[in-house]
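Each residue of the sequence shown is one higher than the one before, counting from 8 in our numbering.
We treat Cβ as the ideally placed atom computed from N, Cα and C, and that holds for glycine.
This one's a predicted model, so the numbers in the text were calculated from it and none came from an experiment.
Report on the following structure.
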Amino acid sequence: MSEIITSIEYGEPLCITVDSETCAMRIDKIISLCVPSLSRSFVQSLIGNSAVFVNGKAVSKSYKPSVGQRIEFIVPEPVELSAQPQEIPLDIRYEDDDLLVVNKPRGMVVHPAAGNPDSTLVNALLYHCKGNLSAINGVIRPGIVHRIDKDTSGLLLAAKNDTAHISLARQIKEHSLDREYRAVIHGRLREKQGVIDAPIGRSTKDRKKMCVTQQNSREARTRYEVLDEGRDFSFLRLKLETGRTHQIRVHMAHLGHPVAGDPLYGPNDSFTAVLHGQCLHAGLLGFEHPSSGERVVLTSELPEYFTDFLRRAGLREV
Numbered sequence: 008m009s010e011i012i013t014s015i016e017y018g019e020p021l022c023i024t025v026d027s028e029t030c031a032m033r034i035d036k037i038i039s040l041c042v043p044s045l046s047r048s049f050v051q052s053l054i055g056n057s058a059v060f061v062n063g064k065a066v067s068k069s070y071k072p073s074v075g076q077r078i079e080f081i082v083p084e085p086v087e088l089s090a091q092p093q094e095i096p097l098d099i100r101y102e103d104d105d106l107l108v109v110n111k112p113r114g115m116v117v118h119p120a121a122g123n124p125d126s127t128l129v130n131a132l133l134y135h136c137k138g139n140l141s142a143i144n145g146v147i148r149p150g151i152v153h154r155i156d157k158d159t160s161g162l163l164l165a166a167k168n169d170t171a172h173i174s175l176a177r178q179i180k181e182h183s184l185d186r187e188y189r190a191v192i193h194g195r196l197r198e199k200q201g202v203i204d205a206p207i208g209r210s211t212k213d214r215k216k217m218c219v220t221q222q223n224s225r226e227a228r229t230r231y232e233v234l235d236e237g238r239d240f241s242f243l244r245l246k247l248e249t250g251r252t253h254q255i256r257v258h259m260a261h262l263g264h265p266v267a268g269d270p271l272y273g274p275n276d277s278f279t280a281v282l283h284g285q286c287l288h289a290g291l292l293g294f295e296h297p298s299s300g301e302r303v304v305l306t307s308e309l310p311e312y313f314t315d316f317l318r319r320a321g322l323r324e325v
């Protein structure tokens with residue numbers, strides 16, 4: 008197959024030489040496969056703006072190049088959105104001059120992005136903190152030290168200054184910041200506790216998904232303990248030792264026991280459809296305070312959607 012391009016320099020020309028394996032494919036698919044960091048939709052937008060050339064001529068997204076032809080294009084610098092303050096209620100579980108911990112409801116996006124330009128946690132934090140948030144992650148993710156998915160509920164840290172942000176990020180890197188979750192999964196695990204040690208990277212088949220893979224991946228470890236079992240579902244406590252995108256969801260799906268209600272990695276069934284998203288809750292955060300050095304441990308009770316599903320699945324709240 009044509010050479011895989013793993014590193015992109017914005018504004019620098021990229022070139023793909025079509026080989027016998029890729030010549031039967033549409034040009035948008037060839038680029039997506041050869042440059043895994045680019046989504047298919049982004050590639051199509053480049054082609055639609057006449058920014059992709061084959062042997063010097065602009066082509067359409069359905070064009071199928073021949074063996075030996077050269078595909079050339081430039082990935083432009085990303086245009087970063089800027090978040091604006093919005094008065095949105097927050098469930099704040101801890102706050103001082105350095106940081107705050109928010110109990111995020113399910114359905115709330117953490118920071119603005121395409122398709123979610125406002126009404127995010129960042130918009131709410133900017134209003135609540137009057138703009139006093141660390142600038143390390145730029146204007147689109149001010150204060151955000153770590154993230155949880157839109158349909159995952161629970162505790163999330165935000166830093167008010169760069170010193171606090173650096174300290175908390177270091178603790179995540181050194182695995183001294185505790186993050187525990189509760190989840191309901193399909194089926195019953197053979198071992199009642201253990202460690203899932205499997206690297207995670209972006210799926211080359213579906214850019215929306217992550218997967219367990221040895222290619223272009225990063226180490227990922229999740230500890231789990233079964234709290235209760237039913238006929239069709241199990242209730243788990245999980246602890247992140249690393250923090251990869253969708254880590255718990257990917258690891259459980261990899262074991263063949265996806266998180267109940269997971270729209271990306273789980274089955275589409277009527278019993279879990281009422282969840283409208285994965286049954287996953289960030290229930291505990293433990294960290295060393297950046298200024299005092301004291302250990303801070305915070306917990307969040309299971310939300311109503313979670314306890315309702317436990318009862319429906321015949322599981323005990325432990």
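For the candidate residues the options, whose alpha-carbon lies nearest to that of residue i?
{"i": "K157", "options": "L243, R225, D35 and H118", "result": "H118"}
{"i": "V262", "options": "E187, T170, G201 and D98", "result": "It is worth fixing the name first, because residue 262 is Leu in this sequence and not Val. Measuring from the Cα of L262, the nearest candidate turns out to be G201."}
{"i": "R177", "options": "L40, G161 and V152", "result": "V152"}
{"i": "F49", "options": "N139, K68, N62 and G63", "result": "K68"}
{"i": "E198", "options": "L243, H288 and N168", "result": "L243"}
{"i": "D103", "options": "L164, P92 and Y70", "result": "L164"}
{"i": "R154", "options": "H135, Y134 and V129", "result": "V129"}
{"i": "L287", "options": "G55, I15 and L162", "result": "L162"}
{"i": "I54", "options": "H264, Y70 and E181", "result": "Y70"}
Quickly, what does DSSP pair residue i with across the bridge? List them, please.
{"i": "N275", "result": "DSSP lists no partner for N275."}
{"i": "M217", "result": "R209"}
{"i": "P20", "result": "I81"}
{"i": "F316", "result": "Looking at the DSSP assignment, F316 forms no beta bridge with any residue, so it has no partner."}
{"i": "D185", "result": "G293"}
{"i": "A120", "result": "N123"}
{"i": "T306", "result": "L291"}
{"i": "S52", "result": "S52 pairs with nothing; no bridge assigned."}
Just checking my contact of residue i with residue j at CB under 8 Å: how many whole Å lie between their CB atoms?
{"i": "A280", "j": "H193", "result": "With a Cβ gap of about 14 Å, A280 and H193 do not count as contacting."}
{"i": "Y231", "j": "R256", "result": "Their Cβ separation, rounded to whole angstroms, is 13 Å, which puts Y231 and R256 out of contact at 8 Å."}
{"i": "E236", "j": "R195", "result": "5 Å"}
{"i": "V74", "j": "C30", "result": "5 Å"}
{"i": "Q321", "j": "R189", "result": "Before going further, note that residue 321 is Gly rather than Gln in the sequence given. Their Cβ separation, rounded to whole angstroms, is 16 Å, which puts G321 and R189 out of contact at 8 Å."}
{"i": "F294", "j": "L175", "result": "6 Å"}
{"i": "K167", "j": "N144", "result": "Not quite, the Cβ-Cβ distance comes to about 13 Å (not below 8 Å), so this is no contact."}
Taking Cβ positions, are residue i and residue j nearer each other than 9 Å?
{"i": "L317", "j": "V191", "result": "yes"}
{"i": "V109", "j": "L97", "result": "yes"}
{"i": "F90", "j": "P149", "result": "Sequence inspection shows Ala at residue 90; the Phe mentioned does not correspond to that position. Their beta carbons are under 9 Å apart, which means A90 touches P149 by this criterion."}
{"i": "K111", "j": "S141", "result": "no"}
{"i": "S126", "j": "I78", "result": "no"}
{"i": "G122", "j": "H283", "result": "no"}
{"i": "R100", "j": "L305", "result": "yes"}
{"i": "L45", "j": "I11", "result": "no"}
{"i": "L132", "j": "L107", "result": "yes"}
{"i": "I3", "j": "T229", "result": "The chain is shown from 8 up to 325; residue 3 falls before or after that span and cannot be answered."}
{"i": "G250", "j": "I179", "result": "yes"}
{"i": "R47", "j": "R214", "result": "yes"}
Touching by the beta-carbon criterion (3+ pairs, under 8 Å), the segment 205 to 214 and the segment 301 to 313: They do not touch, by the three-pair rule.
message: Taking 8 Å as the cut-off, does the segment 216 to 224 touch the segment 292 to 299 (at least 3 CB pairs, one atom from each stretch)?
response: As far as the Cβ criterion goes, the segment 292 to 299 does not touch the segment 216 to 224, which means the pair count is below three.
Cβ contact (3+ pairs, closer than 8 Å) linking the segment 60 to 80 and the segment 27 to 45: Output reads yes: the segment 27 to 45 touches the segment 60 to 80.
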